[in-house]
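Peer 1:
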Amino acid sequence: MKLSYNILVFGNEPVEKSIARLSRFGYDAVEFVGEPDLYDPAEVRSLLAKYNIRAGSICNIWKKDRDFTSANPEIRENAKRYTKSTIDLAEAIGAEVVIVAPTANMRITRELPPEEEWKYAVEGIRECGEYALPRGVTLVIEPWNRFETYLINRLEQAIRLAQDVDLPNVKIMGDLFHMNIEESSVPEAIRKARGWLVHMHVADNQRDLPGKGHLSWPEIFSALKDIQFPGYLVLEYIPPHADPYFAFREKVDESVYDEHAQYAAEFIRKFL
Numbered sequence: 001m002k003l004s005y006n007i008l009v010f011g012n013e014p015v016e017k018s019i020a021r022l023s024r025f026g027y028d029a030v031e032f033v034g035e036p037d038l039y040d041p042a043e044v045r046s047l048l049a050k051y052n053i054r055a056g057s058i059c060n061i062w063k064k065d066r067d068f069t070s071a072n073p074e075i076r077e078n079a080k081r082y083t084k085s086t087i088d089l090a091e092a093i094g095a096e097v098v099i100v101a102p103t104a105n106m107r108i109t110r111e112l113p114p115e116e117e118w119k120y121a122v123e124g125i126r127e128c129g130e131y132a133l134p135r136g137v138t139l140v141i142e143p144w145n146r147f148e149t150y151l152i153n154r155l156e157q158a159i160r161l162a163q164d165v166d167l168p169n170v171k172i173m174g175d176l177f178h179m180n181i182e183e184s185s186v187p188e189a190i191r192k193a194r195g196w197l198v199h200m201h202v203a204d205n206q207r208d209l210p211g212k213g214h215l216s217w218p219e220i221f222s223a224l225k226d227i228q229f230p231g232y233l234v235l236e237y238i239p240p241h242a243d244p245y246f247a248f249r250e251k252v253d254e255s256v257y258d259e260h261a262q263y264a265a266e267f268i269r270k271f272l
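In UniProt numbering, the protein residues as written are 1 to 272.
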């Protein structure tokens with residue numbers, strides 16, 4: 001298990017500050033925001049080398065015009081173009097993983113019959129997976145809770161979708177915030193996902209820092225060890241606002257970012 005951090009949490013601060021912070025507190029890797037226009041790949045590679053830290057993954061942002069299952073064919077095609085652009089970014093900076101979802105975030109109702117939406121999800125992710133394969137990139141399907149999507153809410157559903165895509169570089173991920181809402185047992189869901197689960201987003205039940213809520217961390221890490229979890233544990237907490245994009249609009253004291261990054265690393269390492 002390796003430790004990473006989604007720099008979405010740090011808002012719109014310069015990327016060097018984010019990379020330097022994570023290096024300082026001993027993180028193994030960085031999860032970058034899936035907006036290729038934010039980054040100069042050559043600069044990112046230089047900064048990663050300077051601070052001796054890896055690019056671990058790309059967290060795609062699923063806006064309403066990026067939706068593999070939309071009734072609008074132009075939106076479906078845009079989802080593919082967008083995902084291929086983030087795969088290109090991953091290849092350019094050396095990231096191993098790109099996070100995908102079959103629907104736009106916050107679309108909680110169907111636009112088409114279920115079997116048709118499922119078909120479009122499989123076809124779109126498969127096309128992107130085929131694009132990613134020769135570039136050394138793995139796609140991971142992320143389930144979200146029922147208040148953010150209706151299609152893939154649990155790990156077992158993500159596995160079924162990945163099985164239908166049927167590519168060696170299409171796997172699944174878990175997000176403990178979403179899992180706490182949707183899974184009957186978080187540890188058992190992890191155990192049942194052996195062989196498929198290769199990436200994790202880490203936060204407590206209320207999306208705060210780990211250890212600040214009621215999740216049972218010894219049980220979660222016991223399950224991760226049972227399946228020999230091979231991937232990144234990525235801190236993705238939201239400082240106390242329901243809106244994950246709050247940090248992009250409001251200035252936050254960067255000393256808080258330092259404090260949280262240090263605390264999270266120390267907390268998680270107790271269980272590794």
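Cβ coordinates follow ideal geometry from the N, Cα and C atoms, glycine included.
This structure is a prediction, so every number in the text was calculated from the model and none was measured.
Along the chain, where does the beta strand (DSSP E) that runs through Ala-55 open and close?
Peer 2: 54-60
Peer 1: Spatial neighbours of Trp-62 within its chain, please: CB distance less than 6 Å, with the 5 preceding and 5 following residues excluded, ordered by chain position.
Peer 2: Ala-101, Ala-104 and Asn-105
Peer 1: Looking only at C-alpha atoms, which of Ala-71, Leu-151, Leu-155 and Val-170 sits nearest to Asn-180?
Peer 2: Leu-155
Peer 1: Look up Lys-171 in the DSSP assignment and say whether it is helix, strand or coil.
Peer 2: strand
Peer 1: Closer than 8 Å is the cut-off here; do at least three beta carbon pairs connect the stretch 209-229 with the stretch 182-191?
Peer 2: yes
Peer 1: At the level of alpha carbons, what is the spacing between Arg-45 and Leu-139?
Peer 2: If you draw a straight line from the Cα of Arg-45 to the Cα of Leu-139, it is about 21 Å long.
Peer 1: Round the Cβ separation of Ile-19 and Val-30 to the nearest angstrom and send it over; I've been treating them as touching at under 8 Å.
Peer 2: 6 Å
Peer 1: Would you give the residue range spanned by the beta strand (DSSP E) that Phe-32 belongs to?
Peer 2: 29-34
Peer 1: With a threshold of 16 other CB atoms inside 10 Å of the CB of Phe-147, please say whether the residue is buried or exposed.
Peer 2: exposed
Peer 1: Under three-state DSSP, which class holds Ile-87?
Peer 2: helix
Peer 1: Once the 5 residues before and after Phe-177 are set aside, which same chain residues still bring their CB inside 6 Å of it?
Peer 2: Ala-203 and Arg-207
Peer 1: What separation, rounded to the nearest whole angstrom, lies between the Cα atoms of Asp-67 and Glu-13?
Peer 2: Each residue's alpha carbon lies about 28 Å from the other.
Peer 1: Span of the alpha helix (DSSP H) holding Met-200?
Peer 2: Element bounds for Met-200: not the alpha helix (DSSP H) but the beta strand (DSSP E), 197-202.
Peer 1: Quick check: what's the CA-CA separation for Phe-267 versus Ala-71?
Peer 2: 44 Å
Peer 1: Can you tell me the Cβ-Cβ gap for Asp-28 and Lys-50, rounded? I've got them flagged as a contact below 8 Å.
Peer 2: Not quite, the Cβ-Cβ distance comes to about 16 Å (not below 8 Å), so this is no contact.
Peer 1: Please list, in chain order, all residues of the same chain as Gly-94 whose beta carbon is under 6 Å from its beta carbon, the five residues on each side excluded.
Peer 2: Excluding positions up to five away in sequence, the list reads Ala-55.
Peer 1: On the DSSP bridge list, what partners appear for Lys-2?
Peer 2: In DSSP, Lys-2 forms a bridge with Tyr-232.
Peer 1: If you count every other CB in all the chains shown that lies within 10 Å of the CB of Lys-171, and 16 or more means buried, which is it?
Peer 2: If you draw a 10 Å sphere on the C-beta of Lys-171, you find 16 or more other C-beta atoms in it, and that means buried.
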